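Everything below concerns the one structure shown next.
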Amino acid sequence: MIIPKTSVSFRGLSRQILSARFNSTASSAQQCKRPGYAHFEIAQYFNRIHLSPTQRIFSVSNLTSVQQLAYLTLLKKHHLVSVPYENLQAHYSWHKGLGVSPTRLFEKIVRHRRGGWCFETNQLLNTVLLSLGFDVILAGSRVFEPCNGRFGGLVHCVNIVKIGGVHYLLDVGFGGYGPPQPVPLLEGTGGIEPNGLQHIGPRAEMRVVKQAIAQQVDQTRRLWVYQFRSGPDEEWRPMCCFNSDFEFLPEDIEILNTHGMSRTCFTSRELLLQRFTTSNEPLTASGRTNVKDVMDGELDGSIVLYQNRLKWRREGDLKLSLEFRTEADRIEAIRLYFGIILDKEETEGIKGTASEIRGSWFGTAFGEGTI
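Read in UniProt numbering, the sequence shown has 118 at position 118, and its numbers run on one by one without any break.
Shown next as structure tokens:
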């Protein structure tokens, strides 16, 4: 059985295995006739997630199962820290355009150094993993709605990666409650053990259980339910559910992605950005200066910008809280904490919308206009 750890050291891979990065075996994307990324594009993706040259492998076909899992865990960590969940295009844009083709996602997330919502970030990572030779599919997912105690429709997607006969949940588009590492789908064990796996911090836990959901007519058909709790004394809270045996095609993702701009979806009304942080990140608004040091740290929390507020939690404790009274302050925070620079056309796209901060555009840039 392959058990992932919160932090997997990649330095233990031998030079012989590292040479596999130049292996020319046909990728999974080529085999299933899906659009994939070329070697130079994968290299650009590695640059985007700040993966050092000594850690880069361009084909996993010659790696053992343990090495594949270690590499997958490493890629996910770098992706979560470098590529934020964000719905800026629904607000800071004049056209509010959407698109989840591999080419468009690469242009947006890799070349323009943006993030994306679940269909974008998980689809991009899916194409990367297929291009590297991983056995991976996309699966549709229902998100639990606490307000009415029910699961909603298929408004989310996750990656399911098969390594050594074990399927793993891989999700980079669920925000701070999402799994920070690959989670094995092991029926009857609640992840690794009944208490689940450690999330981020000393108390938070996660697990995946297989069960029917209350809305199903046929209660004999069970789904995987990803659950989270903030401590061992807390109740398990359902986050999302999915069927790991039913593959979603890019055509399905294209259709489901349009929901993000519907009036019933929060993303069209509320601005949200989130990314994970590491223990080596300074608690300042000066940006991440030493990227290598940051990436060498352990995942320790996340930064969330919701509407006009930013909160940074580390090890479960609130460390930083800001309130923005002007658009200038919020735009500056998006640059400093998420590494996203909005151009003039984009910043003007929010004017007159419900999500605009109704204050002076000549803000204080973290002066008197910010709490």
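The beta carbon of each residue, even a glycine, is placed where N, CA and C say it ideally should be. Just so it is clear, the structure is predicted and the values come from calculations on it, not from any experiment.
How many angstroms separate the CA atom of residue i from the CA atom of residue j?
{"i": "E86", "j": "R269", "result": "13 Å"}
{"i": "S355", "j": "Q307", "result": "7 Å"}
{"i": "I255", "j": "V100", "result": "10 Å"}
{"i": "K162", "j": "T284", "result": "39 Å"}
{"i": "residue 439", "j": "D135", "result": "This structure does not reach residue 439, given that the chain is present from 1 up to 371, and the question cannot be answered."}
{"i": "R104", "j": "D343", "result": "19 Å"}
{"i": "M295", "j": "T353", "result": "37 Å"}
{"i": "V291", "j": "L51", "result": "10 Å"}
{"i": "S321", "j": "L98", "result": "31 Å"}
{"i": "S82", "j": "C118", "result": "15 Å"}
{"i": "L273", "j": "V217", "result": "36 Å"}
{"i": "R257", "j": "R275", "result": "Note on residue identity: the sequence assigns Asn, not Arg, to residue 257. Rounded to whole angstroms, N257 to R275 spans 21 Å at the Cα level."}
{"i": "T54", "j": "C32", "result": "29 Å"}
{"i": "L305", "j": "P180", "result": "19 Å"}
{"i": "G190", "j": "K210", "result": "Any reading at G190 needs caution, since the residue's pLDDT is 44, under 50, leaving its predicted position unreliable; the model's value is listed next. Each residue's alpha carbon lies about 8 Å from the other."}
{"i": "D293", "j": "N280", "result": "6 Å"}
{"i": "A90", "j": "P102", "result": "19 Å"}
{"i": "P232", "j": "H39", "result": "44 Å"}
{"i": "N23", "j": "E323", "result": "Any answer about N23 is weak, because its pLDDT of 49 lies below 50 and its placement is not dependable; what the coordinates show is given next. C-alpha separation (whole angstroms): 50 Å."}
{"i": "L18", "j": "E234", "result": "Residue placement at L18 is flagged as unreliable, the pLDDT there being 46, under the threshold of 50; the coordinate-derived value follows with that caveat. Cα-Cα distance, rounded: 43 Å."}
What span of residues does the alpha helix (DSSP H) with residue i cover, start to end?
{"i": "P238", "result": "First-last for P238: R237 to F242, but that is the beta strand (DSSP E), not the alpha helix (DSSP H)."}
{"i": "Y337", "result": "E327 to F338"}
{"i": "A70", "result": "S65 to S82"}
{"i": "C118", "result": "C118 to L132"}
{"i": "E348", "result": "K344 to E348"}
{"i": "D296", "result": "V291 to D296"}
Is the distance from the Cβ of residue i to the Cβ of residue j below 8 Å?
{"i": "G349", "j": "W94", "result": "yes"}
{"i": "L80", "j": "V155", "result": "no"}
{"i": "Y168", "j": "V158", "result": "no"}
{"i": "L310", "j": "A333", "result": "yes"}
{"i": "R325", "j": "I357", "result": "yes"}
{"i": "E277", "j": "I303", "result": "It is Thr, not Glu, that sits at residue 277 in the sequence shown. Against a cut-off of 8 Å, the Cβ pair of I303 and T277 comes out as a contact."}
{"i": "R237", "j": "F248", "result": "no"}
What span of residues does the beta strand (DSSP E) with residue i cover, start to end?
{"i": "A43", "result": "That residue, A43, is in no beta strand (DSSP E); its alpha helix (DSSP H) goes H39 to R48."}
{"i": "N257", "result": "First-last for N257: P250 to N257, but that is the alpha helix (DSSP H), not the beta strand (DSSP E)."}
{"i": "T103", "result": "It is not in any beta strand (DSSP E) - T103 instead sits in the alpha helix (DSSP H) that spans P102 to L105."}
{"i": "E270", "result": "From DSSP, E270 is part of no beta strand (DSSP E); its letter is neither H nor E."}
{"i": "L299", "result": "L299 to Y306"}
{"i": "L138", "result": "D135 to E145"}
{"i": "E323", "result": "D317 to E323"}
How many whole angstroms separate the CB atoms of residue i and residue j, which I take to be in contact at a CB cut-off of 8 Å?
{"i": "G164", "j": "V60", "result": "Not quite, the Cβ-Cβ distance comes to about 12 Å (not below 8 Å), so this is no contact."}
{"i": "G316", "j": "A204", "result": "6 Å"}
{"i": "L138", "j": "I49", "result": "Incorrect: roughly 19 Å between the Cβ atoms, too far for contact."}
{"i": "G301", "j": "I200", "result": "6 Å"}
{"i": "Y45", "j": "V128", "result": "6 Å"}
{"i": "Q215", "j": "F144", "result": "Their Cβ separation, rounded to whole angstroms, is 11 Å, which puts Q215 and F144 out of contact at 8 Å."}
{"i": "Y92", "j": "T347", "result": "6 Å"}
{"i": "L170", "j": "K77", "result": "Wrong, their Cβ atoms sit about 12 Å apart, outside the cutoff."}
{"i": "G36", "j": "S131", "result": "4 Å"}
Verify the CB distance criterion: does residue i have a CB-CB separation below 8 Å to chain B?
{"i": "P84", "result": "No chain B is part of this structure, which consists of one protein chain only."}
Inspect the CB distances between the stretch 240–247 and the stretch 213–223 and report whether three or more fall short of 8 Å. yes
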